[in-house]
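Protein chains in written order, with full-length UniProt numbering: chain A, 1 to 462; chain B, 1 to 462. Notes follow the structure.
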């Protein structure tokens with residue numbers, strides 16, 4: 001069996017030919033990690049500055065100073081608002097004037113500032129991103145303005161019923177777990193946010209030990225390392241000093257703990273013991289439903305079985321959910337299943353948007369399809385199709401430098417090992433029919449969480 | 001000045017080295033057109049089967065047989081539902097089992113069935129798409145089921161306020177023009193749709209003279225032509241016969257008519273003489289506003305000036321709308337401007353999602369920014385930035401075979417000429433400051449259409 005590429009935190013250099021691309025990794029004594037994947041023949045590159053801090057790290061019992069809910073996302077916004085040498089307009093124009101795509105995302109376990117640019121424009125993008133991450137001024141005036149922008153962002157999300165359903169699902173399925181909280185906070189916490197709290201978060205969480213820079217495409221590894229180190233050194237702030245020795249931070253040091261454990265690796269327990277219905281009443285044409293439960297954490301060895309099961313259950317036009325809900329009964333336009341994994345917990349859900357009077361039937365159909373796989377497994381034809389779908393869609397996705405840049409970042413910050421395509425496909429092929437049934441059974445046994453958003457009062461759900 | 005590549009309807013073969021890629025075009029005596037762009041080093045391909053018929057062609061006065069509103073989109077759905085040799089499930093699995101991305105889009109002037117697959121899977125995708133386009137059975141049972149799916153699709157769109165705003169803008173700004181109608185029809189027309197109307201549409205509009213097949217990436221032109229001709233010949237239906245001689249159909253035979261005309265090419269007149277406010281009241285957090293007017297048709301020579309103007313006005317983080325509405329005042333999370341062009345009409349609009357109490361201010365700011373460009377033009381720095389943005393973002397977009405496949409299809413069906421990147425950039429560079437002011441002035445002079453969707457009753461707009 002092929003093995004994933006390990007990313008030990010104490011290994012200063014790594015250089016691997018992936019057969020087509022070349023992966024290099026540098027762990028600097030300061031704690032800074034730089035990973036690149038060179039793709040020959042490509043004329044552009046994607047670069048990401050990852051900080052291993054996400055919304056789940058806010059307001060932990062041990063560190064109230066990390067700020068109020070939503071402060072991680074608030075900080076992400078503020079990093080675009082200026083440094084001592086670049087104001088917000090200069091940052092915006094530096095990307096726009098070369099047609100680079102730049103953006104940032106705050107996730108539950110990390111924050112990433114990223115850009116995609118032509119090869120000749122990459123260095124400029126790296127310089128600006130490095131300046132943003134190390135030297136933001138978090139100006140009070142900009143802070144007040146950005147508070148309004150974020151409130152508009154939350155209002156926009158509140159008008160998107162599928163978005164609301166997803167947030168509700170996390171909260172309802174994970175209960176008090178920090179992963180259950182909404183990433184952006186709430187209008188209340190954003191109105192209450194103080195600049196000093198966000199600054200505190202920035203000062204305590206951002207330093208070379210939590211920073212990972214990844215790039216893919218037309219990228220020169222040594223040059224990237226040099227550029228990032230130079231930017232850190234130029235910041236002047238001692239917390240960015242590249243002279244200090246630091247241990248790089250990774251959330252879960254032991255990625256495949258479950259594999260070595262003698263106990264059967266169970267899914268994280270749901271916070272409620274019986275099926276739980278969570279309703280958000282909103283005027284709407286459709287009711288957006290998610291039926292699901294807690295799932296697998298990122299390093300769980302059963303994730304390949306889950307991936308195969310998910311492909312058959314709700315992964316495409318030929319999947320069971322699509323066929324049963326849409327193609328045979330016309331109950332929805334969109335129906336699919338999904339998994340989400342974090343260092344110590346995960347979620348699994350089935351989504352559909354449907355007319356209120358059809359909502360109960362859709363929920364029942366979704367649960368039945370999961371139960372059928374738990375009971376009877378999948379057919380040989382479904383298995384073959386799922387393996388083909390995973391191989392083909394992964395190959396297509398990996399043509400994009402964004403995908404490879406993201407894979408490097410998530411591997412480094414998450415499990416600490418990189419599954420290249422062949423290794424990962426080998427694991428999918430090794431999944432047995434019993435493995436698929438077992439993971440479906442684990443998910444089906446867990447008490448279900450049923451989220452419904454929209455005009456639920458008109459629906460058959462209550 | 002470089003010239004675009006002409007696509008004359010009577011030219012049987014074309015083979016052009018674009019410096020990096022190779023464009024080939026075949027016009028078969030049957031009327032069928034096949035265009036490819038070979039991208040060296042790429043291991044996948046995108047293929048599209050384009051039919052030069054869109055929602056605007058429904059229910060014209062001269063041809064009531066084309067079916068009711070929404071029948072073009074209804075037909076697009078039905079083409080996935082089965083042929084004599086493949087049922088809907090077989091079609092779905094044929095794409096899924098190789099992880100291909102497949103989909104279709106109904107636009108106002110064309111319909112496109114497309115797929116992206118690894119190079120080794122391309123032929124399979126072409127076979128299935130060709131079968132769908134030439135041999136669909138439009139089964140009555142599938143028709144009834146799909147009616148429900150489309151009603152759910154319309155319900156989903158009705159819950160998306162930005163989507164509703166866009167549809168309302170087309171109707172309000174174009175009035176009775178066939179381009180003003182919603183692509184998918186309405187719940188009423190879909191409930192009333194009859195299988196025979198849709199079949200009539202299929203039988204009368206789909207034949208080799210309206211069919212254009214385009215592909216980009218790892219594609220062999222001669223082989224693609226052979227595959228498509230073989231599929232057409234295999235259909236058995238005389239309307240697909242490749243023995244018959246047909247003249248290929250293109251919507252506008254004279255793409256740059258405006259350039260030769262002695263009259264100043266004006267924008268299409270708006271259907272109303274004074275500013276017009278169109279309100280859709282819906283419960284919401286944000287009001288979604290579009291301020292705009294009729295714009296330029298696809299072949300209008302001023303489109304390069306408009307593109308430059310649009311980039312400065314609302315094309316990125318550094319654009320005036322983003323800066324004035326979001327960065328300086330925190331009034332919105334999203335603010336941008338856009339143009340849409342069709343063979344004989346176009347639209348230009350400025351969009352923002354904002355709190356109800358800020359809606360009037362946002363509308364005023366947007367109109368003021370357009371007026372300022374009409375009055376004083378753009379700065380040299382803005383011009384340089386816009387040119388860089390267009391060059392960079394176009395280059396990045398053209399790395400994707402989807403973009404090139406789409407460019408071929410729209411060029412063939414639309415203006416009948418292909419602007420490669422260098423030619424197009426040369427036109428942008430040739431735009432003068434006066435050209436930019438002039439197009440802003442034309443747009444600003446037209447009576448404005450103001451669309452607002454959401455809880456407008458709470459807003460400052462009325």
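Backbone N, C-alpha and C define an ideal beta-carbon position, used for all residues, glycine too.
Closer than 7 Å at the beta carbon, the chain B residues around residue 389(A): Think of a sphere of 7 Å around the beta carbon of residue 389(A): the chain B residues whose beta carbon falls inside it are 96, 97 and 99, in chain order.
Local conformation of residue 456(A) per DSSP, three classes: Secondary structure at residue 456(A): helix, using DSSP grouped into helix, strand and coil.
Length-filtered (4 minimum) alpha helix (DSSP H) runs lying within the region 161-232 of chain B: Runs of the alpha helix (DSSP H) spanning 4 or more residues and lying entirely within the region 161-232 of chain B occur at 161-174, 187-192 and 195-205, in chain order.
Continuous alpha helix (DSSP H) stretch holding residue 461(B): start and end: For residue 461(B), there is no enclosing alpha helix (DSSP H), as DSSP gives it neither H nor E.
Cβ contact (3+ pairs, closer than 8 Å) linking the region 210-222 of chain A and the region 118-125 of chain A: Yes, since at least three Cβ pairs between the region 210-222 of chain A and the region 118-125 of chain A fall closer than 8 Å, the two stretches touch.
Exposure label - residue 270(A); buried when at least 16 CB within 10 Å: Under a 10 Å Cβ-count criterion, residue 270(A) is classified as buried, with 16 or more other Cβ atoms of the shown protein chains found around its own Cβ.
Nearest neighbour of residue 225(A), chosen from 331(A), 285(A) and 212(A) [CA to CA]: Considering only 331(A), 285(A) and 212(A), the residue with the shortest C-alpha distance to residue 225(A) is 212(A).
Three-state secondary structure assigned by DSSP to residue 334(B): Strand at residue 334(B).
Beta-carbon contacts of residue 259(A) that lie in its chain and below 7 Å, excluding the five residues immediately before and after: In this predicted model, residue 259(A) has a pLDDT of only 40, less than 50, meaning its place in the structure is not dependable; the value taken from the coordinates is given anyway. Excluding residues within five positions, the ones whose Cβ falls inside 7 Å are 301.
Opening and closing residue of the alpha helix (DSSP H) in which residue 101(A) lies: Note, residue 101(A): premise wrong, no alpha helix (DSSP H); beta strand (DSSP E) at 101-106.
Counted within 10 angstroms of its Cβ, other Cβ atoms place residue 291(A) as buried (16 or more) or exposed: By the 10 Å Cβ count, residue 291(A) comes out buried.
Within chain B, partners of residue 159(A) - CB distance below 7 Å: Those within 7 Å of residue 159(A) in chain B are 161, 284, 285 and 286.
Amino acids of chain A, ordered along the chain, whose beta-carbon sits closer than 7 Å to that of residue 333(B): By Cβ distance, chain A contributes 149, 152, 153 and 156.
Heavy atom of the ligand SAM within 7 Å of residue 328(A) beta-carbon: For the ligand SAM, the structure offers nothing, since it holds no ligand at all.
Chain A contact for residue 85(B) (CB, 8 Å cutoff): Chain A, which has no Cβ nearer than 8 Å to the Cβ of residue 85(B), makes this no.
Partners in chain B for residue 43(A), counting only beta-carbon separations shorter than 8 Å: Per Cβ cutoff of 8 Å: 395 and 399.
Sheet register partners of residue 37(B) (DSSP bridge): Note: residue 37(B) sits in a beta bridge opposite 23(B) and 216(B).
Within 8 Å, strictly: CB atoms of residue 395(A) and residue 421(A): Contact flag set, yes.
Where residue 418(B) sits in the DSSP three-state scheme: Residue 418(B) falls in the strand class under three-state DSSP.
Assigned exposure category for residue 1(A) - 16 Cβ within 10 Å defines buried: Residue burial is scored here from C-beta neighbours: residue 1(A) has fewer than 16 other C-beta atoms within 10 angstroms and is therefore classed as exposed.
Residue 319(B) versus residue 389(B): straight-line alpha-carbon distance, rounded: Approximately 11 Å between the Cα atoms of the pair.
Boundaries of the beta strand (DSSP E) in which residue 118(B) is found, first to last residue: Where residue 118(B) is concerned, the enclosing beta strand (DSSP E) starts and stops at 111-118.
Residue 304(B): first and last residue of the uninterrupted alpha helix (DSSP H) it sits in: Taken as a continuous stretch (DSSP letters only), the alpha helix (DSSP H) holding residue 304(B) covers 303-314.
Minimum Cβ-Cβ distance from residue 262(B) to chain A less than 8 Å: Here the model assigns residue 262(B) a pLDDT of 37, short of 50, so the residue's position is not dependable, and the following value carries that caveat. Residue 262(B) does not count as touching chain A.
Pairwise C-alpha distance: residue 309(A) and residue 435(A): Roughly 9 Å separates the two Cα atoms.
Interface residues of the region 309-335 of chain A facing chain B [CB-CB below 9 Å]: Result list: 311, 315, 316, 317, 318, 319, 322, 323, 326, 327, 328, 329, 330, 331, 332, 333 and 334.
Contact set between the region 362-386 of chain A and chain B, restricted to residues whose Cβ is under 9 Å from the partner: Of all residues in the region 362-386 of chain A, 381, 384, 385 and 386 have a Cβ within less than 9 Å of some Cβ in chain B.
Contact between the region 269-285 of chain A and the region 447-455 of chain A (3+ Cβ pairs under 8 Å): The region 269-285 of chain A makes contact with the region 447-455 of chain A, as at least three CB pairs between them are under 8 Å.
Sub-8 Å separation of residue 7(B) and residue 417(B) beta-carbons: Going by C-beta atoms, residue 7(B) is nearer than 8 Å to residue 417(B).
Close Cβ partners of residue 103(A) (< 7 Å) along its chain, the five nearest in sequence each way excluded: Counting only Cβ-Cβ distances below 7 Å, and skipping sequence neighbours, we find 114.
DSSP state of residue 49(B) mapped onto helix, strand, coil: Strand at residue 49(B).
Contact list for residue 502(A) against chain B, beta-carbon separation under 7 Å: The structure shown has nothing for residue 502(A), since chain A only spans 1 to 462.
Unbroken beta strand (DSSP E) run spanning residue 70(B), endpoints: Premise fails: residue 70(B) is in no beta strand (DSSP E) and is neither H nor E.
Members of the region 331-360 of chain B that neighbour chain A once the beta carbon cut-off is set at 8 Å: Among the residues of the region 331-360 of chain B, those with a Cβ less than 8 Å away from any Cβ of chain A are 331, 332, 333, 334, 353, 354 and 355, in the order of the chain.
Inter-residue CB distance, residue 206(A) and residue 133(A) (contact presumed, cutoff 8 Å): Right, their Cβ atoms sit about 7 Å apart.
Contacts of residue 118(A) in chain B (Cβ-Cβ under 8 Å): By Cβ distance, chain B contributes 392, 395 and 396.
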